[in-house]
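S.K.: Starting off with a structure, shown below.
Residue numbers (my numbering): 143 to 378.
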């Protein structure tokens, strides 16, 4: 199934989430990545957040081709467990490039202006990664069932002119993510063992029993359960 064929089905996203079984979704995701890689080659890159969803996408991409590269955006506020996990992953996959913004910022910026903090420490280095790696198609781990802010995305998008965004696991449910990780013995961030469901910077991420996966992000701010901006702001 080609990217063009899948593109016409984006309007049926909600129906597909429930109608496709796990095997169907895996095959669909692999087909999306395979077709995109055939089209974009080395100008395709996987954005790896080091979270469970990104790890599934990275594993799927490696099944398509061992030559696929990617990038990780990290910040000075990531938990030590995440940094250690990142170092292990990059040691295994040196084709994962790390991007970080070391610009000086106001102390406590994440408390009184979290949007600005994310813009500087997450969005800016993502833009740099896309520019420096000459990316025409970036692959993400977005899922439409993950939270209230992720329901209007499509499997194939072009929110920035000349930059295709591929969301190959958009249709997957959380349990299917964990099913894949278990079946294929994919190592995950150890913070999940502590009860986290969505991982971010240490000051802005909490363990929560809320039904919304992303409810533990930016609690107590206007961004609670929301987005850092990588998926909502222009990247070019």
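Glycine is no exception: its CB is placed at the ideal position from the N, C-alpha and C atoms. Keep in mind it's a predicted model, so treat the numbers as computed, not measured.
Looking at the secondary structure, which residues open and close the beta strand (DSSP E) in which residue 178 lies?
M.R.: Residue mapping note: residue 178 aligns to position 36 of the chain shown, counting from 1. From DSSP, residue 178 is part of no beta strand (DSSP E) but of the alpha helix (DSSP H) over 164–182.
S.K.: Out of 345, 197, 303, state which residue places its alpha-carbon closest to the alpha-carbon of residue 235.
M.R.: Walking along the chain shown from the start, residue 235 turns up at place 93. For residue 235, the nearest C-alpha among the options comes from 197.
S.K.: Roughly how many angstroms separate the alpha carbons of residue 362 and residue 221, rounded to a whole number?
M.R.: In the chain shown, residue 362 corresponds to position 220, counting from 1. In the chain shown, residue 221 corresponds to position 79, counting from 1. So the two alpha carbons sit approximately 19 Å from each other.
S.K.: Looking at the unbroken beta strand (DSSP E) that takes in residue 307, where does it start and where does it end?
M.R.: Counting from one through the chain shown, the residue named residue 307 turns up at place 165. Note, residue 307: beta strand (DSSP E), 305–308.
S.K.: Below 8 Å CB to CB, which residues in the same chain sit around residue 230 once its five sequence neighbours on both sides are set aside?
M.R.: Along the chain shown, one-based indexing puts residue 230 at 88. 329, listed in sequence order.
S.K.: In terms of alpha-carbon separation, which member of 337, 183, 360 lies closest to residue 203?
M.R.: The residue labelled residue 203 in the question sits at position 61 within the chain shown. Checked all of 337, 183, 360; the closest Cα to residue 203 is 183.
S.K.: In whole angstroms, what separates the C-alpha of residue 276 from that of residue 218?
M.R.: Numbered from 1 along the chain shown, position 134 holds the residue referred to as residue 276. Numbered from 1 along the chain shown, position 76 holds the residue referred to as residue 218. Our two residues, residue 276 and residue 218, have alpha carbons roughly 25 Å apart in a direct line.
S.K.: Look up residue 368 in the DSSP assignment and say whether it is helix, strand or coil.
M.R.: Locating residue 368 in the chain shown gives position 226, where the first residue counts as 1. Coil, per DSSP.
S.K.: Would the beta-carbon of residue 240 fall within 8 Å of that of residue 216?
M.R.: By one-based count along the chain shown, residue 240 stands at place 98. By one-based count along the chain shown, residue 216 stands at place 74. Yes. Within cutoff.
S.K.: Specify, as a first and last residue, the run of the beta strand (DSSP E) that residue 252 falls within.
M.R.: For this step, residue 252 is matched to residue 110 along the chain shown. Unbroken run through residue 252 is the alpha helix (DSSP H), 251–254; no beta strand (DSSP E).
S.K.: What does the alpha-carbon distance come out to for the pair residue 307 and residue 250?
M.R.: Here residue 307 refers to the residue found at position 165 of the chain shown. Here residue 250 refers to the residue found at position 108 of the chain shown. Cα-Cα distance, rounded: 32 Å.
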